[in-house]
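Presented below is the structure to which this report refers.
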Amino acid sequence: MTDQRIQIVSDLHLESPSAYDLFDITPKAPFLALLGDVGYVRDEGFFDFLRKQLAAFRVVFLVLGNHEPYHSSWVEAKSRVEGFKETIHSTSQGDEALGELVLLDQTRYDLSPTVTILGCTLFSNVTHDQSDHVSFGLNDFYHTRDWSVESHREAHLADLAWLNKEVDLISREEPGRKIVVFTHYCPSTDTNVIDPRHGNSKISSGFMTDLSKESCWQCKAVTLWAFGHTHFNCDFRDPETGKRVLANQRGYYFAQSTGFDSEKIVEL
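Under full-length UniProt numbering, the first residue of the sequence shown carries the number 1, and numbering increases by one thereafter.
If you want it as structure tokens, here you go:
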């Protein structure tokens, strides 16, 4: 039987202070999921870090977080990652044995005949009453070129529409298949995912969106949903659907999140 264990981490924030060459992930599974905010794509160290993981894992799944395009743009960030993927593919055909890098950007990946991974950034749905607070309160709209609250909302709608479509299609045409969802932004406003210190935050919709009424959330075929971005860790079963909801986030170097485990694995 194929080993379907996957190691899941996010929000490593290796950009400041720069620690791309210092932070180690000890492989405990054949697959690694990096669910955003590893660092800045503009930094060469970002790709050195990815290469190190590709030398240790069979497949590395990468979801881009809001920090990856800082000091560049979303278009440039995705382009650089795609270019790196091509370089890795060429290298892997030669003498250096490297794993596969999968950029989860509205991407389906069949891990086995019975398990599918769906992944995207899943930008949050910034509410209109919080628009000004989010626009002025989050660095995303200062440090990412050509990005606004309106762009963010449009990206949310696109990611959500894709997720709903894919989940509906799989559950209808491949009813025996398990679905695992990897995103950067939080898909829930359940009390289990909210840091009590930020319960009444005026910028909460910049971090999380209640998807409880969406088909991608309600579908029983979705057995695991892992995310990042909030710097608050959780691991629980959603009482309505039974899916496992998980966040394993390191956080900033000087304000690390309680409960982070770089060796956390999940059996899919």
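Where is the CB? At the ideal position from N, CA and C, for every residue including glycine.
Just so it is clear, the structure is predicted and the values come from calculations on it, not from any experiment.
Can you say whether G176 is buried or exposed, counting buried as having 16 or more other CB atoms within 10 angstroms of its CB?
It is exposed - the Cβ of G176 has fewer than 16 other Cβ atoms within 10 Å.
CA-CA distance, F47 and V41?
Taking the straight line from one Cα to the other gives about 8 Å.
Measuring CB atoms only, is the segment 247-265 touching the segment 218-235, in the sense that at least three cross pairs come out at less than 8 Å?
Contact holds: three or more Cβ-Cβ distances are below 8 Å.
Expressed to the nearest angstrom, what Euclidean distance is found between the alpha-carbon atoms of G36 and S215?
So the alpha carbons of these two residues sit roughly 24 Å apart.
Which whole-angstrom value is the C-beta distance of R5 and I265, which I expect to be below 8 Å?
That belief holds up - the Cβ atoms of R5 and I265 are roughly 5 Å apart, short of 8 Å.
Please tell me whether F182 and G119 are closer than 8 Å, where the distance is taken between their beta carbons.
Judged by beta-carbon spacing, G119 lies within the 8 Å limit of F182, meaning their Cβ atoms are closer than that value.
Would you call P69 buried or exposed, if buried means 16 or more other Cβ atoms sit within 10 Å of its Cβ?
Classified as buried, P69 has 16 or more neighbouring CB atoms from the shown chains inside 10 Å of its CB.
Threshold first: 3 residues or longer. Then list the beta strand (DSSP E) segments lying entirely within the segment 96-184, N to C.
Counting whole runs of 3 or more residues, the segment 96-184 contains the beta strand (DSSP E) stretches 100-103, 107-110, 115-120 and 178-183.
Roughly how many angstroms lie between the CA atoms of S72 and T191, to the nearest whole one?
If you draw a straight line from the Cα of S72 to the Cα of T191, it is about 34 Å long.
What residue range is occupied by the uninterrupted beta strand (DSSP E) comprising Q4?
Neither: Q4 is in no beta strand (DSSP E) and is coded neither H nor E.
Would the beta-carbon of V115 fall within 8 Å of that of L268?
Yes, they are a contact pair.
Using the C-alpha atoms, what's the distance from D210 back to T121?
Taking the straight line from one Cα to the other gives about 15 Å.
Is it true that the segment 137-147 meets the segment 195-210, where meeting means three or more beta-carbon pairs spaced less than 8 Å apart?
The answer is yes - the segment 195-210 touches the segment 137-147, with three or more Cβ pairs under 8 Å.
Please tell me whether W147 has its Cβ less than 8 Å away from any Cβ of chain D.
No chain D is present in this structure, which holds just one protein chain.
Thinking C-beta only, is I117 closer than 8 Å to F61?
In contact: F61 and I117 (Cβ atoms closer than 8 Å).
Rank D105, S79, L101 and W74 by C-alpha distance to the C-alpha of S148 and give the top, closest one.
Nearest C-alpha to S148: W74.
Sub-8 Å separation of H67 and E15 beta-carbons:
Yes, these two residues count as a Cβ contact at 8 Å.
Whole angstroms are fine: how far does the CA of V167 sit from the CA of Q218?
Going by the C-alpha atoms only, they are around 10 Å apart.
Per DSSP, what kind of secondary structure is A29 in: helix, strand or coil?
A29 falls in the coil class under three-state DSSP.
Leaving aside the five residues before and after A221 along the sequence, list all residues of the same chain whose C-beta is less than 6 Å from its C-beta, in chain order.
Closer than 6 Å at Cβ, skipping near neighbours: S171 and I179.
Residues in its own chain within less than 8 Å of residue 269 by CB, not counting five upstream and five downstream?
Nothing about residue 269 can be read from this structure; the chain reaches only from 1 to 268.
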